[in-house]
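Accompanying notes for the structure given below.
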C-alpha cells in the first residue's frame, strides 16, 4: 500500500450490523474485508450495503465512504438511524411483537 493511502486510512473498532438481512454477506465478511483492506484506496463505495455486514466490520476506513442499496427500505432504515436515532430506539424499547403481526 502506498504511503498516501496509509495516511488516509484510519483505524476503527468494527461493530455488528444493525440487523440481519436476507442475502447478507456475513459468512464471507472476513474474506471480503481482507481483500478490501489489502487494496490501496482513498474512497470506499458499497452499492449494495444491505444491513452493512461488510461496511461496519471493516477495521480501516478511508477518507471518503459511500453506501447505497437498491432497496428503498434499507436506505430509509439508515436515514432513520442517522437522523432520528434516539426516538427510534425509544420506540423499539417498548415494541411488542407477535407471530400474527410479524
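Residue numbers (the UniProt record's numbering): 1 to 102. For every residue, glycine included, the Cβ atom is placed at its ideal position computed from N, Cα and C.
Bridge partners - residue i, DSSP secondary structure assignment
i, result
"residue 11", "60"
"residue 16", "Its beta-bridge partners do not exist; DSSP assigns none."
"residue 31", "Bridge partners of residue 31: none, in fact."
Extent of the continuous alpha helix (DSSP H) run through residue i
i, result
"residue 93", "85-93"
Residue from the options with nearest C-alpha to residue i
i, options, result
"residue 41", "10, 26 and 51", "10"
"residue 19", "35, 78, 94 and 38", "78"
"residue 72", "96, 31 and 50", "50"
Backbone secondary structure at residue i - three-state DSSP
i, result
"residue 67", "strand"
Residue i - containing beta strand (DSSP E), residue span
i, result
"residue 100", "Premise fails: residue 100 is in no beta strand (DSSP E) and is neither H nor E."
"residue 21", "Element bounds for residue 21: n/a, residue is neither H nor E."
Own chain partners of residue i with C-beta closer than 6 Å, once the 5 adjacent residues on each side are dropped
i, result
"residue 44", "62 and 65"
"residue 25", "53 and 54"
Cut-off 7 Å between Cβ atoms - residues of its own chain near residue i, not counting five sequence neighbours on either side
i, result
"residue 70", "48"
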